[in-house]
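Chemist:
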Amino acid sequence: MAAAKRPAPSLIRAIVRGKSSFLLLLITPVKDAIARLRLAFETAFVTAFGPELAGTDPVLVPASNPKFGDYQANVALSLAKTLGQPPRDIASAIVSALAIDDLCDPPTIAGPGFINLTLKADYLLDQLRASHQSDRLGIQTVAHPQRIIVDFSSPNIAKEMHVGHLRSTIIGDSIARVLEFLGHDVLRLNHVGDWGTQFGMLITHLRQVAPAALTNPDAIDIGDLVAFYQKAKQRFDNDDDFKEQSRQEVVCLQSGDPESRRAWQLLCDQSRREFQKIYDLLDIRLTERGESFYNPMLPEVVAALVETQLLVEDSGACCVFLEGFVNKDGNPLPLIVQKSDGGYNYATTDLAAIRYRIGTDQADRVIYVTDAGQANHFAQVFQVARRAGWIPDNVELVHVPFGLVLGEDGKKLKTRSGDTPKLKDLLSEAIERSRTDLHNRLTTEERTESPEFIGHVATTVGLSAVKYADLSQNRISSYAFSYDKMLALQGNTAPYMLYAYARIQSIGRKAAVNLSQLDSTQLHLSDDSEWMLLKHLLRLDEVLEAIATELMPNRLCEYLFDLSKKFNQFYDRCPVLNAPDPDRTSRLLLADTTARTLALGLNLLGIQVLDRM
RNA sequence: GGGUGCGUAGCUCAGUGGAUAGAGCAACCGCCUUCUAAGCGGUCGGUCGCAGGUUCGAGUCCUGCCGCACCCGCCA
Numbered sequence: 121m122a123a124a125k126r127p128a129p130s131l132i133r134a135i136v137r138g139k140s141s142f143l144l145l146l147i148t149p150v151k152d153a154i155a156r157l158r159l160a161f162e163t164a165f166v167t168a169f170g171p172e173l174a175g176t177d178p179v180l181v182p183a184s185n186p187k188f189g190d191y192q193a194n195v196a197l198s199l200a201k202t203l204g205q206p207p208r209d210i211a212s213a214i215v216s217a218l219a220i221d222d223l224c225d226p227p228t229i230a231g232p233g234f235i236n237l238t239l240k241a242d243y244l245l246d247q248l249r250a251s252h253q254s255d256r257l258g259i260q261t262v263a264h265p266q267r268i269i270v271d272f273s274s275p276n277i278a279k280e281m282h283v284g285h286l287r288s289t290i291i292g293d294s295i296a297r298v299l300e301f302l303g304h305d306v307l308r309l310n311h312v313g314d315w316g317t318q319f320g321m322l323i324t325h326l327r328q329v330a331p332a333a334l335t336n337p338d339a340i341d342i343g344d345l346v347a348f349y350q351k352a353k354q355r356f357d358n359d360d361d362f363k364e365q366s367r368q369e370v371v372c373l374q375s376g377d378p379e380s381r382r383a384w385q386l387l388c389d390q391s392r393r394e395f396q397k398i399y400d401l402l403d404i405r406l407t408e409r410g411e412s413f414y415n416p417m418l419p420e421v422v423a424a425l426v427e428t429q430l431l432v433e434d435s436g437a438c439c440v441f442l443e444g445f446v447n448k449d450g451n452p453l454p455l456i457v458q459k460s461d462g463g464y465n466y467a468t469t470d471l472a473a474i475r476y477r478i479g480t481d482q483a484d485r486v487i488y489v490t491d492a493g494q495a496n497h498f499a500q501v502f503q504v505a506r507r508a509g510w511i512p513d514n515v516e517l518v519h520v521p522f523g524l525v526l527g528e529d530g531k532k533l534k535t536r537s538g539d540t541p542k543l544k545d546l547l548s549e550a551i552e553r554s555r556t557d558l559h560n561r562l563t564t565e566e567r568t569e570s571p572e573f574i575g576h577v578a579t580t581v582g583l584s585a586v587k588y589a590d591l592s593q594n595r596i597s598s599y600a601f602s603y604d605k606m607l608a609l610q611g612n613t614a615p616y617m618l619y620a621y622a623r624i625q626s627i628g629r630k631a632a633v634n635l636s637q638l639d640s641t642q643l644h645l646s647d648d649s650e651w652m653l654l655k656h657l658l659r660l661d662e663v664l665e666a667i668a669t670e671l672m673p674n675r676l677c678e679y680l681f682d683l684s685k686k687f688n689q690f691y692d693r694c695p696v697l698n699a700p701d702p703d704r705t706s707r708l709l710l711a712d713t714t715a716r717t718l719a720l721g722l723n724l725l726g727i728q729v730l731d732r733m
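Position in the first sequence (from 1) plus 120 gives the number in the numbering used here.
#1: Counting along the chain, where does the alpha helix (DSSP H) carrying THR317 start and finish?
#2: Check for me: the beta strand (DSSP E) holding GLU572 runs from which residue to which?
#3: Does the region 481–500 come close enough to the region 551–569 to have 3 or more Cβ pairs within less than 8 Å?
#4: Within the region 250–313, note down every full beta strand (DSSP E) run reaching 3 residues or more, in order along the chain.
#5: What is the DSSP secondary structure of ASP491, counted as helix, strand or coil?
#6: Assuming ARG308 and ARG393 make a contact with CB atoms under 8 Å, what is their CB distance in whole Å?
#7: Taking the alpha carbon of LEU299 as the point to measure from, which residue in THR469, ILE574, ASP661 has its own alpha carbon closest?
#8: My output table needs one value for GLN728: the three-state DSSP class, helix, strand or coil.
#9: What runs of the beta strand (DSSP E), each 3 residues or longer, lie entirely inside the region 398–462?
#10: Using three-state DSSP, classify ALA699 as helix, strand or coil.
#11: From ASP314 to VAL440, what distance separates their C-alpha atoms?
#12: Which value, in whole angstroms, describes the spacing of the CA atoms of ILE596 and ILE268?
#13: Along the alpha helix (DSSP H) that carries VAL370, what are the first and last residues, could you check?
#14: Under a Cβ-count criterion, where at least 16 other Cβ atoms within 10 Å of its own Cβ denotes burial, should VAL262 be classed as buried or exposed?
#15: Cutting at 6 Å between CB atoms, please list the residues of its own chain near LYS686, excluding the five before and the five after it.
#16: Which class does ASN336 belong to by DSSP, given the choice of helix, strand or coil?
#17: Out of GLY320, LEU671, PHE356, which one is the CA nearest neighbour of VAL520?
#18: Can you say whether LEU664 is buried or exposed, counting buried as having 16 or more other CB atoms within 10 angstroms of its CB?
#19: Whole angstroms is fine: what's the gap from GLY538's alpha carbon to ARG629's?
#20: With burial defined as no fewer than 16 other Cβ atoms inside 10 Å of the residue's Cβ, what is the status of LEU737: buried or exposed?
#21: Is ALA473 helix, strand or coil by DSSP?
#22: Taking GLN737 as the reference, which of ARG555, GLY444, ILE478 has the closest Cα?
#23: My assumption, with CB atoms under 8 Å, is that ASN674 sits in contact with GLN610. Please give the rounded CB distance.
#24: Under 8 Å between the Cβ atoms of ASP177 and VAL166?
#25: Buried or exposed, going by whether 16 or more other CB atoms sit within 10 Å of the CB of GLN374?
#26: Sort out for me which residues DSSP pairs VAL518 with in a bridge.
#27: So, is ASP152 buried or exposed, given that buried needs 16 or more other C-beta atoms within 10 angstroms?
#28: Nearest-angstrom Cα distance between ALA241 and LEU635?
#29: What residue ranges within the region 174–239 form continuous alpha helix (DSSP H) runs of no fewer than 4 residues, ordered along the chain?
#30: Take ARG297 as the anchor and find which of LEU730, ASN723, MET733 has the nearest alpha-carbon.
#31: Taking the alpha-carbon positions, what's the ARG485 to ALA472 distance?
#32: So, for TYR414: in the same chain, excluding its five sequence neighbours on each side, which residues have a beta-carbon less than 6 Å away from its beta-carbon?
#33: Just the C-alpha distance for ASP529 and PHE601, rounded to the nearest angstrom, thanks.
#34: Would the region 494–514 count as touching the region 247–261 if we require 3 or more Cβ pairs under 8 Å?
#35: Do CYS694 and ASP647 have their C-beta atoms within less than 8 Å of each other?
#36: Since ASP305 and PHE272 should fall inside the 8 Å C-beta cutoff, what is the C-beta to C-beta distance between them, to a whole number of angstroms?
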């Protein structure tokens, strides 16, 4: 695979500093260091071994250990066989041909043939200046923005949001934030469950026991609605007459019967208001486009499948038989797109959504953030869409699966039983526990704070803790929900990171200078911890780029945790305010850049920072 | 039975085909006249589920097996 496919960024940008002074700087974010190293290596390959090696991947990766430098190129090892030479000889030939004096100290060859690269101090300091002066910390937007749909959260109307919606909501939000920050055109869609069988049963039941709820917007509240839903579900499972009536009701609704539609509209509005409270609390922005939106398009989906000759009728249902999926008897499994009673199901809706998102929304990439249990479903739906020819080559559909939120006992929280914790209760408890912690601390530290301060800190810490605990896990695996762990003040938690930020803000307040206008012309770093911190700061763009590709927010958490640790090490070893210049200014600049990096990173996780806590 | 995913330190988990596998928690030992000790340094802790294979090199890729979780025809 050819390396260095990335487009060369524009290198020159004017920076306005203060009111009168202009500086013209070469801005080369550190990711350009890798890009430039790649180019240099490619040139060196050709110089050293001839044109047939053009386009060889230099296998450049961050050094596995700081003592080896900043980056290492492992290419010599992989070339040993094709070139028929010892790797160390190859490495030495590459190094002789390598023109990177402006970027790196002289490369060294180590072990079996690793080429170790250490970025020049001046280069790093230039990068720090550039980051500090940039309101985006030197992170450029992508050269070719994509239209990206992130489909997440997706609660069901007439049910309360529960813990099962937590992960989709905050993982989806974080992914959307990262992609937006990188300059993509992101459409955040809430594919709410506002259609289908469940509505038939609910409306049928309400018509019989609480008809007012179907005509009066405020007749019942959401909690009652949930109880009604549970009762309706129970009747549906046990009463054949009721089941039949419910199915009829679905048909009425889907065919546009005015009375059914009005009832449905009322139920949706009521749920919507409840959802919005939680989204406001969590600072989540979403565009609602529920399953019902696709209702008019469902017959087209079936018709289009007929045209492609993929559609097969089986026991009265319209199916597409799948490749690679078999039932217990070893026969191909069908994806049912129209039930024997003429109704459509969620596979049909998802196919319609794919067609609409590609055809009308012009999406380049569609990201589905749902639990891992739906992996089969998406694999099947994607397969049918692909075989039907609905997915152009340049469009990517991707399921972003995540594991379950378990109780502290390690058992799954059931989604369909009544005792599933409600999301709003869970968030409230996190906030309350955070408030209690804060009170205890204020008491022991003999501090007095206003009720506003306490309320704001408790809410921010509580919600951040919940979000961070979730996002910091590898999303594939399930995790046990523990208030004690997520609110812990030490370890890889939101409070630890918020504290690191607050410490820096405290320095900033006492420094009594405008941090955005520090004079960066005389930077001087002396301690190892300063260099470690600086190098880590400059890695942010690599991390964001990886997240945009792999859609793993835990990478960002890991980066921020490392950053906090490196800052605390720096803080421990390097006095800032009492240091003589140029150390003082250099350290203030490092601290300020760290604070802004933390704030940005946490913001991309959906977490707000606190100046004091 | 078929499919998907996961098995890494006592516990919870990171880990991008590269050098001696890393954090946090817990335990133990140190460090506050100095910018928020919610911090920092150190000690202890591993047959990366098992067995093969590919590779110069495997926790990572492939195959088989064991264990756990989830999914499997008209719910979403």
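Glycine included, C-beta positions come from ideal geometry on N, C-alpha and C. A quick note: this is a predicted structure, and the numbers were derived from the prediction, not measured.
Modeler: In brief:
#1: Here residue 317 refers to the residue found at position 197 when the first sequence is read from its first residue. Note, THR317: alpha helix (DSSP H), 317–329.
#2: Sequence index remark: in the first sequence, residue 572 carries index 452 (1-based). No beta strand (DSSP E) holds GLU572; the alpha helix (DSSP H) holding it covers 571–591.
#3: no
#4: 267–271, 305–310
#5: Along the first sequence, one-based indexing puts residue 491 at 371. In this structure, ASP491 counts as strand in the three-state DSSP scheme.
#6: In the first sequence, the residue the question calls residue 308 occupies position 188. In the first sequence, the residue the question calls residue 393 occupies position 273. The pair is not a contact, with the Cβ atoms about 19 Å apart (cut-off 8 Å).
#7: If you number the first sequence from 1, residue 299 lands on position 179. It is ASP661 whose Cα lies nearest to the Cα of LEU299.
#8: The count along the first sequence starts at 1 and reaches residue 728 at position 608. Residue state, collapsed to three classes: coil.
#9: 431–434, 437–446, 452–458
#10: The residue you call residue 699 lines up with position 579 of the first sequence. DSSP places ALA699 in coil when its eight states are reduced to three.
#11: On the first sequence, position 194 is the one that residue 314 refers to. On the first sequence, position 320 is the one that residue 440 refers to. In a straight line, the C-alpha of ASP314 is about 25 Å away from that of VAL440.
#12: Numbered from its first residue, the first sequence carries residue 596 at position 476. Numbered from its first residue, the first sequence carries residue 268 at position 148. If I take the Cα positions, the gap works out to 22 Å.
#13: The sequence position of residue 370 within the first sequence is 250, counting from 1. Looking at the DSSP string, the run of the alpha helix (DSSP H) that includes VAL370 is 360–374.
#14: On the first sequence, residue 262 is found 142 positions in, with the first residue counted as 1. It counts as exposed.
#15: In the first sequence, residue 686 corresponds to position 566, counting from 1. Only MET652, LEU653, HIS656 meet the Cβ criterion.
#16: Position 216 of the first sequence, counted from the first residue, corresponds to residue 336. ASN336: coil per DSSP, three-state reduction.
#17: The residue given as residue 520 occupies position 400 in the first sequence. Comparing Cα positions, the closest option is LEU671.
#18: Looking up residue 664 in the first sequence gives position 544. So LEU664 ends up on the buried side.
#19: For this step, residue 538 is matched to residue 418 along the first sequence. For this step, residue 629 is matched to residue 509 along the first sequence. The predicted position of GLY538 is uncertain, since its pLDDT is 46 and thus under 50; a value taken from the coordinates is nonetheless stated next. Approximately 50 Å between the Cα atoms of the pair.
#20: The chain is shown from 121 up to 733; residue 737 falls before or after that span and cannot be answered.
#21: For the purposes of this step, residue 473 is identified with residue 353 of the first sequence, where counting begins at 1. ALA473: helix per DSSP, three-state reduction.
#22: In the structure displayed, the chain extends from 121 to 733; residue 737 sits before or after that span and is not available.
#23: Walking along the first sequence from the start, residue 674 turns up at place 554. Walking along the first sequence from the start, residue 610 turns up at place 490. At roughly 19 Å, the Cβ-Cβ gap does not stay under 8 Å, so ASN674 and GLN610 are not in contact.
#24: Counted from its first residue, the first sequence places residue 177 at position 57. Counted from its first residue, the first sequence places residue 166 at position 46. Their beta carbons are not under 8 Å apart, which means ASP177 does not touch VAL166 by this criterion.
#25: By 1-based counting over the first sequence, the position of residue 374 is 254. By the 10 Å Cβ count, GLN374 comes out buried.
#26: Position 398 of the first sequence, counted from the start, is the residue given in the question as residue 518. According to DSSP, which records beta bridges pairwise, VAL518 is partnered with ILE487.
#27: Within the first sequence, the letter at position 32 stands for residue 152. Residue environment analysis places ASP152 among the buried positions, since at least 16 neighbouring C-beta atoms fall within 10 angstroms of its C-beta.
#28: As a position in the first sequence, residue 241 is number 121, starting the count at 1. As a position in the first sequence, residue 635 is number 515, starting the count at 1. Distance between the alpha carbons of ALA241 and LEU635: 23 Å.
#29: 195–203, 207–217
#30: To locate residue 297, count along the first sequence from 1; it is residue 177. Ranking LEU730, ASN723, MET733 by Cα distance to ARG297 puts ASN723 first.
#31: Taking the first residue of the first sequence as 1, we reach residue 485 at position 365. Taking the first residue of the first sequence as 1, we reach residue 472 at position 352. Each residue's alpha carbon lies about 16 Å from the other.
#32: Counted from its first residue, the first sequence places residue 414 at position 294. Taken in chain order, the residues that qualify are THR469, ALA472, ALA473.
#33: The residue labelled residue 529 in the question sits at position 409 within the first sequence. The residue labelled residue 601 in the question sits at position 481 within the first sequence. A direct Cα-to-Cα measurement between ASP529 and PHE601 gives close to 9 Å.
#34: With a cut-off of 8 Å on Cβ pairs, the region 494–514 is not in contact with the region 247–261, counting fewer than three such pairs.
#35: Counting from one through the first sequence, the residue named residue 694 turns up at place 574. Counting from one through the first sequence, the residue named residue 647 turns up at place 527. For CYS694 and ASP647, yes; Cβs fall inside 8 Å.
#36: Position 185 of the first sequence holds residue 305. Position 152 of the first sequence holds residue 272. That pair is no contact at about 17 Å.
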